[in-house]
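As structure tokens, the structure follows; a few thoughts come after it.
In structure tokens form, the structure reads like this:
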């Protein structure tokens, strides 16, 4: 994957947890899409921001197969449809479409949208969820079976892609997006002078500990702490075990 915004945001918060990044300090993390600027929010504990490329949306017809999928699973036709430089298809749904509640099987998607499908709608009515204390303006879901992701819980690249459209539509410098997946979350999307999109969000520490490799049968190496200061992984002694999968878990 060339770009993974929410994972990069999580890495920023992990650096803060390990006290390797202080609030207000700007840092560039390198990705397959180039350097990504990240920063801890100096005003709000547990929040950070990342700047991602926005990309362009190009209007296209939805196509008969995608139209049939939307009618079958959501009971609506799209208000607009776009293609993007990320090869994602973006669909604007009516506000009354049951986007959050509807089962959306990725296996039923037409092949031409397997690379990524963003389904979004306005949240200007009712009581929307909030992100960093701000009500959300829109919500989306992201399906990408072509990337091995039936549905992504929170997708930074998808919000960076659609945020400019919402900024223009609402006439604002910032909008708040929600991702109504099975494990939902949201981001504040701002348009800095760099031409990128700044995504601001918060995260929660789920796991922090030590992986004790010596407890595995036949192991001949010490435990390795998952965090800063970990000893480098060494090639295993002739124990007959494949350590490549374990090594990928460690920094």
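Numbering (our numbering), first residue to last: 1 to 251.
In this text, a Cβ means the ideal position worked out from N, Cα and C, and glycines have one as well.
A quick note: this is a predicted structure, and the numbers were derived from the prediction, not measured.
Please list the terminal residues of the continuous alpha helix (DSSP H) segment that includes residue i.
{"i": "residue 69", "result": "64–74"}
{"i": "residue 157", "result": "156–170"}
{"i": "residue 10", "result": "5–17"}
Who pairs with residue i in a beta bridge, going by DSSP?
{"i": "residue 51", "result": "198"}
{"i": "residue 26", "result": "39"}
{"i": "residue 134", "result": "131"}
{"i": "residue 34", "result": "31"}
{"i": "residue 139", "result": "121, 178"}
{"i": "residue 144", "result": "149"}
{"i": "residue 206", "result": "None; residue 206 has no bridge partner."}
Roughly how far, in whole angstroms, is the beta-carbon of residue i from the beta-carbon of residue j, given that I think they are within contact range, below 8 Å?
{"i": "residue 88", "j": "residue 115", "result": "7 Å"}
{"i": "residue 53", "j": "residue 196", "result": "6 Å"}
{"i": "residue 63", "j": "residue 112", "result": "7 Å"}
{"i": "residue 60", "j": "residue 91", "result": "With a Cβ gap of about 10 Å, residue 60 and residue 91 do not count as contacting."}
Excluding the five sequence neighbours on either side, which residues of its own chain have a C-beta within less than 6 Å of the C-beta of residue i, listed in chain order?
{"i": "residue 110", "result": "65, 66"}
{"i": "residue 249", "result": "Unreliable placement is indicated for residue 249, whose pLDDT of 47 sits below 50; no coordinate value is reported for it."}
{"i": "residue 190", "result": "174, 198"}
{"i": "residue 202", "result": "46, 47"}
{"i": "residue 192", "result": "198"}
{"i": "residue 13", "result": "48, 203"}
Output needed for residue i: all residues of its chain with C-beta closer than 8 Å, excluding positions within five of it in sequence on either side, in chain order.
{"i": "residue 182", "result": "151, 153"}
{"i": "residue 97", "result": "74, 75, 76, 121"}
{"i": "residue 58", "result": "82, 83, 84"}
{"i": "residue 42", "result": "23, 24"}
For the beta strand (DSSP E) containing residue i, list its first residue and its last residue.
{"i": "residue 185", "result": "185–190"}
{"i": "residue 89", "result": "89–92"}
{"i": "residue 122", "result": "117–122"}
{"i": "residue 176", "result": "174–179"}
{"i": "residue 84", "result": "80–84"}
{"i": "residue 58", "result": "57–59"}
{"i": "residue 110", "result": "No beta strand (DSSP E) holds residue 110; DSSP gives it neither H nor E."}
Which same chain residues, not among the five before or five after residue i, have their C-beta less than 7 Å away from its C-beta?
{"i": "residue 232", "result": "Low confidence applies to residue 232: its pLDDT is 49, below 50, so where it sits in the model is not reliable, and the reading given next is rough at best. Same-chain partners within the cutoff: there are none."}
{"i": "residue 123", "result": "136, 137, 138, 139, 178"}
So does residue i have its beta carbon nearer than 6 Å to some heavy atom of the ligand GTP?
{"i": "residue 120", "result": "Of the ligands one can find in the structure shown there are none, so the ligand GTP has no counterpart to examine."}
Counting only C-beta atoms, is residue i closer than 7 Å to chain C at any point?
{"i": "residue 171", "result": "Although the question refers to chain C, the structure presented lacks it and comprises just one protein chain."}
Cβ contact check for the region 32–40 and the region 135–145: 3 or more pairs under 8 Å: Segment contact: the region 32–40 against the region 135–145, fewer than three CB-CB distances shorter than 8 Å; contact not assigned.
Segment contact, 8 Å Cβ cut-off, at least three pairs: the region 17–25 with the region 156–173: The way I'd put it, the region 17–25 doesn't touch the region 156–173; fewer than three beta-carbon pairs between them come closer than 8 Å.
Given 8 Å, three or more beta-carbon pairs between the region 76–86 and the region 128–135: No: the two stretches stay apart, fewer than three of their Cβ pairs being nearer than 8 Å.
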